[in-house]
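So the mapping is simple: my numbering equals the position in the sequence shown, first residue as 1, plus 60.
Ideal Cβ positions, reconstructed from N, Cα and C, are used throughout, including at glycine.
Since the structure comes first, as structure tokens, the remarks are kept for the end.
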Amino acid sequence: MSAVELFNAIFNPLCSLLVSLFTPFSALLGGVDLNSVCTSVGDIFRSLLSSLPI
């Protein structure tokens, strides 16, 4: 399993859980789309991991 696959296996369920927990509060955060935040953060980490010589 590559580092990116391992990251996806951990990050995706965790992100889904955080989105479901914080969705009721997203209005307090200025209506932030938590799914897009998770996707952006995940993309950044995936690109960093894929550039590492693991």
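Item	Value
Do Leu-77 and Ser-86 have their beta-carbon atoms positioned less than 8 Å apart in this structure?	no
On a Cα-Cα basis, can you pick out the residue from Met-61, Phe-82 and Asn-68 that is closest to Val-101?	Asn-68
Going straight from the alpha carbon of Glu-65 to that of Leu-81, what length do you get?	24 Å
Could you check which residue in Cys-98, Ser-110 and Leu-88 has the C-alpha nearest to that of Phe-71?	Cys-98
Just how far apart, CA to CA, sit Ala-63 and Ser-96?	22 Å
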